[in-house]
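Colleague: Got a structure for you, written out below as structure tokens; questions coming shortly.
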Amino acid sequence: MKKVIVVGSLNMDMCINAPYCPKGGETLTGGGFMTNAGGKGANQATAAGKLGARVLMCGCVGEDAFGGQLIDSLRAAEVDTQFVRRQKGVCTGIAVILVTGGENRIILDKGANACLCEEDIDRVLEYAEAGDIYLTQLENPVEMIGYGLRRAKEKGLYTILNPAPADPSAASFFRYADLITPNESELEILGGKEKIFAAGVRTIVTTLGSRGYEIADTTSAKEYPCLRVQAVDTTAAGDTVCGGLAAELARGASLEEAMAFASKAASIACTRKGAAQSVPTREEVDAFRLNR
Numbered sequence: 212m213k214k215v216i217v218v219g220s221l222n223m224d225m226c227i228n229a230p231y232c233p234k235g236g237e238t239l240t241g242g243g244f245m246t247n248a249g250g251k252g253a254n255q256a257t258a259a260g261k262l263g264a265r266v267l268m269c270g271c272v273g274e275d276a277f278g279g280q281l282i283d284s285l286r287a288a289e290v291d292t293q294f295v296r297r298q299k300g301v302c303t304g305i306a307v308i309l310v311t312g313g314e315n316r317i318i319l320d321k322g323a324n325a326c327l328c329e330e331d332i333d334r335v336l337e338y339a340e341a342g343d344i345y346l347t348q349l350e351n352p353v354e355m356i357g358y359g360l361r362r363a364k365e366k367g368l369y370t371i372l373n374p375a376p377a378d379p380s381a382a383s384f385f386r387y388a389d390l391i392t393p394n395e396s397e398l399e400i401l402g403g404k405e406k407i408f409a410a411g412v413r414t415i416v417t418t419l420g421s422r423g424y425e426i427a428d429t430t431s432a433k434e435y436p437c438l439r440v441q442a443v444d445t446t447a448a449g450d451t452v453c454g455g456l457a458a459e460l461a462r463g464a465s466l467e468e469a470m471a472f473a474s475k476a477a478s479i480a481c482t483r484k485g486a487a488q489s490v491p492t493r494e495e496v497d498a499f500r501l502n503r
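Heads up, the final residue of the sequence shown is numbered 503 in this note's numbering, and it's a clean run with no missing numbers.
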């Protein structure tokens with residue numbers, strides 16, 4: 212089995228429910244407070260680890276308590292964390308999430324995620340071999356994500372970019388991505404499939420929410436349905452798709468096979484609350500059957 216190398220963000224999500232968004236100077240009583248290990252990089256690494264891959268995570272956290280908790284969460288998913296660097300003098304990335312009327316309002320402090328550097332990426336790629344899977348996103352400095360994709364391609368890795376949050380400036384290094392995995396909104400922000408293909412991407416997998424997903428290359432496109440489940444929380448769906456896709460490709464599956472597995476895993480994650488903790492194990496995906 213090939214390795215999955217994830218370069219990306221690690222955040223602690225701090226979530227609270229409130230009846231409405233408070234005005235300036237107002238103190239409001241809320242409830243349901245919870246903290247979740249998050250960040251797209253960490254979530255995708257966790258998903259790949261729980262779904263059976265050998266995963267190396269590269270990123271940065273602070274030397275605070277949250278940084279240690281995020282590292283412990285990754286280790287619990289059997290992710291190799293020796294390439295997660297603890298940065299002095301900055302906080303771990305934080306997402307403060309206020310939920311009002313079922314809608315999220317999020318304030319993000321990138322913290323140590325902004326400190327990812329070329330040396331971090333070079334260090335993890337020393338352990339990479341041709342054919343390994345390289346998975347990354349856009350929550351770290353965009354120039355570092357581009358550097359990592361270029362270096363990974365030079366070493367013969369299969370490169371996957373999850374372009375979230377969407378950033379049109381990332382198009383300058385799309386030619387180093389074998390596959391990108393936007394959702395519909397991100398695809399629109401990036402200018403659509405034709406523009407992405409023109410930038411050098413070979414394959415696009417677009418997630419379509421409850422409708423499933425589409426696999427497209429420069430000659431064809433085909434939509435596939437996903438499992439119909441009673442969704443409780445869709446927070447981890449996209450990251451589970453990315454992690455599951457990378458895990459299956461590392462096992463030697465075709466893209467179509469890998470996406471079928473990843474989509475099933477994401478559907479299961481949607482039936483559970485939370486981010487990383489909602490991702491199923493490989494055994495749970497294999498055993499899952501819809502109740503008719």
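Beta carbons are placed, not taken as given, at the ideal position from N, Cα and C, and that holds for glycine.
So Gln541 and Gly454 are supposed to be a Cβ contact under 8 Å. How far apart are they, rounded?
Modeller: This structure does not reach residue 541, given that the chain is present from 212 up to 503, and the question cannot be answered.
Colleague: Reducing DSSP to helix, strand and coil, say where Asn373 ends up.
Modeller: Asn373: coil per DSSP, three-state reduction.
Colleague: Since Leu281 and Leu221 should fall inside the 8 Å C-beta cutoff, what is the C-beta to C-beta distance between them, to a whole number of angstroms?
Modeller: Indeed, because the Cβ distance is near 5 Å, the residues count as touching under 8 Å.
Colleague: Give the range of the alpha helix (DSSP H) segment to which Val452 is assigned.
Modeller: Where Val452 is concerned, the enclosing alpha helix (DSSP H) stretches over Ala448 to Ala461.
Colleague: Give the single residue among Thr446, Asn228, Gly219 and Ser465 whose Cα lies nearest to the Cα of Val490.
Modeller: Of Thr446, Asn228, Gly219 and Ser465, the residue nearest in Cα terms is Thr446.
Colleague: Asp224 and Ala306: beta carbons closer than 8 Å?
Modeller: In contact: Asp224 and Ala306 (Cβ atoms closer than 8 Å).
Colleague: Would you list, in sequence order, the uninterrupted beta strand (DSSP E) runs of no fewer than 3 residues that lie entirely inside the segment 289-354?
Modeller: Correct list: 290-298, 304-311, 314-320 and 344-347.
Colleague: Between Val335 and chain D, is there a C-beta pair that is closer than 8 Å?
Modeller: Reference to chain D is not applicable here, since this structure consists of a single protein chain.
Colleague: Just tell me which of Gly242, Thr370 and Ile216 has its CA closest to the CA of Cys200.
Modeller: In the structure displayed, the chain extends from 212 to 503; residue 200 sits before or after that span and is not available.
Colleague: Where does Ala248 sit, in a helix, a strand or coil, going by DSSP?
Modeller: Three-state DSSP puts Ala248 in a strand.
Colleague: Please tell me whether Lys475 and Asp444 are closer than 8 Å, where the distance is taken between their beta carbons.
Modeller: No, these two residues do not count as a Cβ contact at 8 Å.
Colleague: Short check: CB of Thr392 to CB of Phe408, under 8 Å?
Modeller: Contact flag unset, no.
Colleague: Out of curiosity, what's the CA-to-CA distance linking Gly260 and Thr238?
Modeller: Taking the straight line joining both Cα atoms gives about 41 Å.
Colleague: Ignore the nearest five residues each way along the sequence and tell me which others in Arg493's own chain have a CB closer than 6 Å to its CB.
Modeller: Excluding sequence neighbours, Arg493 sits near Leu262 and Gly263.
Colleague: Under 7 Å Cβ to Cβ from Pro374, same chain only, skipping five residues before and after it: list those, please.
Modeller: Contacts found: Leu349, Ala381, Ile391, Pro393, Glu397 and Leu401.
Colleague: Have a look at Val496 and Leu360 and give me their C-alpha separation to the nearest angstrom.
Modeller: When rounded, the distance between both Cα atoms is 30 Å.
Colleague: Can you list, in chain order, the residues of its chain whose CB lies under 8 Å from that of Cys302, leaving out five sequence neighbours each side?
Modeller: These residues qualify, in order along the chain: Gly273, Asp275, Phe277, Asp320, Gly322 and Ala323.
Colleague: Among residues of its own chain, excluding the 5 on either side of Lys508, which ones have a beta-carbon nearer than 8 Å to its beta-carbon?
Modeller: There is no way to answer for residue 508, as the model of the chain reaches only from 212 to 503.
Colleague: Which full runs of the alpha helix (DSSP H) of 4+ residues lie inside the segment 354-423, going along the chain?
Modeller: Taking only runs of at least 4 residues, the alpha helix (DSSP H) segments lying wholly in the segment 354-423 are 395-400 and 404-409.
Colleague: If you draw a straight line from the alpha carbon of Gly219 to that of Asp283, how long is it in whole angstroms?
Modeller: Roughly 17 Å separates the two Cα atoms.
Colleague: Tell me where the beta strand (DSSP E) around Val215 begins and ends.
Modeller: Here the beta strand (DSSP E) through Val215 covers Lys214 to Val218.
Colleague: For Met268, which beta-bridge partners are listed by DSSP?
Modeller: Per DSSP, Val217.
Colleague: As a quick exercise: from Ala325, Ile318, Thr311 and Ile317, pick the residue whose alpha carbon is nearest that of Gly300.
Modeller: The candidate whose alpha carbon is nearest that of Gly300 is Ala325.
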